[in-house]
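Down below is the structure, laid out as structure tokens.
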Amino acid sequence: MQEERGLYLDFDNDPEGIISRTVSIMVESLHTMSDGLPDHLLKDLFDKTNPRDENLDEVFMCELFDALYTAYRFLRGLPERDLDQGEFNQIFLSWHILLWVETLRRASVVTVTPFPIFDFDNLPDLQIDLKLDKSVLLPLLN
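Numbering that gives the first Met the number 0 puts the first residue of the sequence shown at 0, with every later residue one more than the last.
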């Protein structure tokens, strides 16, 4: 929720501090590139071996995205705006895919030029520009 003079985000549902750590990275620089995300943050987002309350599920990822999108609009000086369900799904899913792509890049599964990870106005376009090495990726799918 955006207040008159600042930004207020509720982190009550963030016991591991993942939302607050991610928003902090964005506040430091809206222009953070995908390769600038700390390894431990990506590990926390996608580590299914870490026992936690039902692991990080889609609901938590949606809450994380909502906090980031709210902070993004505030930092860009844009008015608060609720996305309709279709817009939310498009931007959220694009961003989530890009987080997975960065995780795969770090595992040397795909070759990708680093991209702005918090540029929510352009995320859907970024996916098209990514070049995946299919010869490496196909064996993983079989």
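Even for Gly, the Cβ is constructed at its ideal location relative to N, Cα and C.
**OP:** Would you mind working out which of Met60, Ser19, Gly35 and Asp34 sits nearest His95, comparing C-alpha positions?
**Re:** Among Met60, Ser19, Gly35 and Asp34, the Cα nearest to that of His95 belongs to Met60.
Subject >> Distance between Pro78 and Arg72 (C-alpha atoms, nearest Å) >> reply: Using only the alpha carbons, I get a separation of about 7 Å.
Original post:
With burial defined as no fewer than 16 other Cβ atoms inside 10 Å of the residue's Cβ, what is the status of Ser23: buried or exposed?
Top reply: exposed
Subject >> Residue from Leu41, Gln89 and Met25 whose Cα sits closest to the Cα of Leu103 >> reply: Leu41
Subject >> Neighbourhood of Phe119 by C-beta, 8 Å cutoff - its chain only, sequence neighbours within 5 removed >> reply: Excluding residues up to 5 positions away in sequence, Leu67, Tyr68, Tyr71, Ile90 and Trp94 lie with their Cβ nearer than 8 Å to the Cβ of Phe119 in the same chain.
Original post:
Do you know how far the Cα of Ser107 is from the Cα of Arg75?
Top reply: 33 Å
Original post:
From the DSSP output, which residues share a beta bridge with Met32?
Top reply: Pro115
Original post:
Whose C-beta lies closer than 6 Å to the C-beta of Pro113 among residues of the same chain, with five residues either side of it excluded?
Top reply: Met32, Ser33 and Asp34
Subject >> Three-way DSSP call (helix, strand, coil) for Gly76 in this model >> reply: coil
Subject >> Among Gly16, Leu29 and Glu27, nearest to His39 - alpha-carbon criterion >> reply: Gly16
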